[in-house]
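Visitor: Here the sequence shown is numbered in this note's numbering, starting from 23 and rising by one per residue. My questions will all concern the structure given below.
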Amino acid sequence: MDKMLAAVFHKTKENGGGEIKLEQLEIPQITKNNEILIEVKACGICGTDLKILDGGHPANDNTILGHEFVGVVKELGSDIQDLKLGDKLVVDPNEKCGYCINCRRGLSNLCDFLATGTTFGIFQNGGFAKYCVLPRSAIFKLPNNIDMTSAALVEPLSCAVHCHNIADVKESDNVVIMGAGPMGLIIESVVRKHPIKQLILVEIDEWRIQKAYELGADQIINPTRQDIKKEIMELTNGKGADVIIDAVGISETLESALKIWAPGARLILFGQDFRAEAIIKPNDIVRYQRKIMGSYIGYAEDFLDAIELIANKIIDIDKVITHKIPLVELISTGFKLMKERKCVKIITKP
Ligand SMILES: [Zn+2]
Ligand SMILES: [Zn+2]
Numbered sequence: 023m024d025k026m027l028a029a030v031f032h033k034t035k036e037n038g039g040g041e042i043k044l045e046q047l048e049i050p051q052i053t054k055n056n057e058i059l060i061e062v063k064a065c066g067i068c069g070t071d072l073k074i075l076d077g078g079h080p081a082n083d084n085t086i087l088g089h090e091f092v093g094v095v096k097e098l099g100s101d102i103q104d105l106k107l108g109d110k111l112v113v114d115p116n117e118k119c120g121y122c123i124n125c126r127r128g129l130s131n132l133c134d135f136l137a138t139g140t141t142f143g144i145f146q147n148g149g150f151a152k153y154c155v156l157p158r159s160a161i162f163k164l165p166n167n168i169d170m171t172s173a174a175l176v177e178p179l180s181c182a183v184h185c186h187n188i189a190d191v192k193e194s195d196n197v198v199i200m201g202a203g204p205m206g207l208i209i210e211s212v213v214r215k216h217p218i219k220q221l222i223l224v225e226i227d228e229w230r231i232q233k234a235y236e237l238g239a240d241q242i243i244n245p246t247r248q249d250i251k252k253e254i255m256e257l258t259n260g261k262g263a264d265v266i267i268d269a270v271g272i273s274e275t276l277e278s279a280l281k282i283w284a285p286g287a288r289l290i291l292f293g294q295d296f297r298a299e300a301i302i303k304p305n306d307i308v309r310y311q312r313k314i315m316g317s318y319i320g321y322a323e324d325f326l327d328a329i330e331l332i333a334n335k336i337i338d339i340d341k342v343i344t345h346k347i348p349l350v351e352l353i354s355t356g357f358k359l360m361k362e363r364k365c366v367k368i369i370t371k372p
């Protein structure tokens with residue numbers, strides 16, 4: 023039996039975290055008629071991968087990680103009629119059931135099935151490997167002209183597109199993004215593609231601040247040496263932010279957001295940290311008709327939009343790809359750079 027290199031998560035810590043190891047595994051085989059054997063071409067490293075090792079995000083023991091990946095059809099189950107060998111594919115790691123009440127109401131990102139822990143690359147084998155077997159329902163076909171390295175960012179871009187749609191951004195809006203980590207920067211690229219009054223980022227890391235300027239931020243506030251409220255009020259003539267996207271999700275960023283939101287503002291909570299807490303005064307929402315909304319992954323249509331944006335180069339997603347490395351360097355180079363925060367998106371290739 024042929025073998026392949028794969029990065030496998032082993033749960034070794036009390037808090038559910040553990041370590042990731044590069045191992046030689048047997049190439050997986052199709053066992054159901056609706057499955058596809060994918061030859062992986064590229065897989066992005068996500069902050070969630072590091073969180074898993076620290077115990078900050080649940081994952082299944084003995085699972086191949088990597089949930090931002092693309093590949094080509096290597097073999098097809100007998101039920102699959104609409105794909106052929108060699109077709110380019112992107113994986114929606116959050117496979118939807120299609121029949122639960124949320125799927126049927128058009129809220130497929132809230133599919134009941136997701137809550138059972140099914141994500142490919144977290145709870146089931148994913149893309150840090152040469153091959154992966156997936157059901158047809160977890161796959162979107164890609165256009166032939168798409169660059170496969172860029173396409174590895176379809177999944178995170180779909181989340182950014184979803185977030186931008188929820189924020190309902192208008193031309194007259196002052197938009198603030200909290201955090202210029204990989205997702206903050208991808209959201210920045212989406213927001214920047216639309217006419218707005220002003221785009222302001224809030225970030226503490228100097229390297230990321232530079233990157234946020236490169237991607238088109240008008241202003242960046244560093245709260246370690248600047249007062250967020252004072253700066254935002256000055257930049258907006260005392261009005262405050264019309265749209266705030268919290269791409270961090272800790273108590274401090276939410277508390278800051280509540281100090282700078284304009285009357286009528288939309289506050290979108292995107293970053294996730296289950297430990298975060300904040301006190302909110304209901305009257306601040308009622309009296310000033312503000313909105314607070316969560317943005318969680320995306321709908322199928324956001325995936326389709328992200329594919330279009332990358333394939334037609336409407337968004338130059340390559341600007342957020344700072345490193346391309348072979349899978350064998352996933353831990354020695356990839357995870358090391360992630361921990362040092364000297365990167366935005368790193369794409370691995372088997
Ligand atoms: Zn991710
Ligand atoms: Zn469902």
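All residues carry an ideal CB built from backbone N, CA and C; glycine is no exception.
#1: Taking the beta strand (DSSP E) that H345 falls in, what are its first and last residues?
#2: For E90, verify whether its CB is less than 7 Å away from any heavy atom of ligand 1.
#3: For the alpha helix (DSSP H) holding M205, just list the boundary residues, first then last.
#4: Verify whether the separation of the beta carbon atoms of A174 and A64 is less than 8 Å.
#5: Could you tell me the distance, in whole angstroms, from the CA atom of R297 to the CA atom of L59?
#6: Which residues mark the beginning and the end of the alpha helix (DSSP H) in which K69 is found?
#7: In chain order, what residues of the same chain lie with their CB nearer than 7 Å to the CB of G38, ignoring the 5 residues before and after it?
#8: Could you spell out the range, first to last residue, of the alpha helix (DSSP H) harbouring Y235?
#9: Determine contact between the segment 329-338 and the segment 31-48, defined as no fewer than three beta-carbon pairs at a distance below 8 Å.
#10: Name the two residues that bound the continuous alpha helix (DSSP H) containing C365.
#11: Measuring only from the beta carbon, is N116 closer than 7 Å to any heavy atom that is part of ligand 4?
#12: From N84, N131, I86, I282, pick the residue whose C-alpha is nearest to that of S317; which is it?
#13: For F292, does the three-state DSSP call read helix, strand or coil?
#14: When you measure from the CB of Y121 to every non-hydrogen atom of ligand 2, does any distance come out below 7 Å?
#15: Name the DSSP beta bridge partners of N196, please?
#16: Count Cβ pairs between the segment 247-264 and the segment 221-235 that sit closer than 8 Å; are there 3 or more?
#17: In or out: M373 buried (at least 16 other Cβ within 10 Å) or exposed?
#18: Enumerate in chain order the residues of its own chain whose CB-to-CB distance from D374 is below 6 Å, with the five nearest sequence positions on each side excluded.
#19: Measure from the alpha carbon of D268 to the alpha carbon of each residue in L280, I123, K163, then state which is nearest.
#20: Could you spell out where the beta strand (DSSP E) holding C65 opens and where it closes?
#21: Just verifying my parser: in three-state terms, what is the DSSP assignment at H186?
#22: Could you give the first and the last residue of the continuous alpha helix (DSSP H) run that contains M170?
#23: Can you tell me whether A300 is buried or exposed? The criterion is at least 16 other CB atoms within 10 Å of its CB, across all chains shown.
Guide: Result, derived from the coordinates:
#1: As a working note, residue 345 is residue 323 in the sequence shown. It spans 343-348 - the beta strand (DSSP E) in which H345 sits, taken as one unbroken run.
#2: Residue mapping note: residue 90 aligns to position 68 of the sequence shown, counting from 1. Yes, since a heavy atom of ligand 1 falls inside the 7 Å radius drawn around the Cβ of E90.
#3: Indexing the sequence shown from 1 puts residue 205 at position 183. Note, M205: alpha helix (DSSP H), 204-214.
#4: As a working mapping, residue 174 is identified with position 152 in the sequence shown. As a working mapping, residue 64 is identified with position 42 in the sequence shown. Contact: yes.
#5: Stepping through the sequence shown from its first residue, residue 297 is reached at position 275. Stepping through the sequence shown from its first residue, residue 59 is reached at position 37. Using only the alpha carbons, I get a separation of about 38 Å.
#6: Within the sequence shown, residue 69 is the residue found at index 47, counting from 1. One point to set straight first is that residue 69 is Gly, not Lys, in the sequence displayed. Note, G69: alpha helix (DSSP H), 69-76.
#7: Taking the first residue of the sequence shown as position 1, residue 38 is located at position 16. Once the five neighbours on either side are set aside, the close Cβ partners of G38 are G77, P80.
#8: Here the question's residue 235 lines up with position 213 in the sequence shown. Y235 -> alpha helix (DSSP H) spans 228-236.
#9: no
#10: Walking along the sequence shown from the start, residue 365 turns up at place 343. It is not in any alpha helix (DSSP H) - C365 carries neither H nor E in the DSSP assignment.
#11: Only ligand 1 and ligand 2 can be found as ligands here, which leaves ligand 4 out of the picture.
#12: Position 295 of the sequence shown holds residue 317. The residue with the shortest Cα to Cα distance from S317 is N131.
#13: Indexing the sequence shown from 1 puts residue 292 at position 270. Note: F292 maps to coil in three-state DSSP.
#14: Within the sequence shown, residue 121 is the residue found at index 99, counting from 1. Within the cutoff, so yes.
#15: Position 174 of the sequence shown, counted from the first residue, corresponds to residue 196. Looking at the DSSP assignment, N196 forms a beta bridge with Q220.
#16: yes
#17: Not covered by the structure: residue 373. The range shown for the chain is 23 to 372.
#18: The structure shown does not extend to residue 374, since the chain spans only 23 to 372, so no value can be given for it.
#19: Walking along the sequence shown from the start, residue 268 turns up at place 246. Taking only the C-alpha atoms, the option nearest D268 is L280.
#20: What you label residue 65 is simply residue 43 of the sequence shown in a count that begins at 1. Start and end: 57-66.
#21: In the sequence shown, residue 186 corresponds to position 164, counting from 1. It is helical.
#22: Here the question's residue 170 lines up with position 148 in the sequence shown. 170-173 is the span of the alpha helix (DSSP H), which, as asked, contains M170.
#23: As a first step, residue 300 is located in the sequence shown; it is residue number 278 there, counting from the start. A300 is exposed by the Cβ-count criterion.
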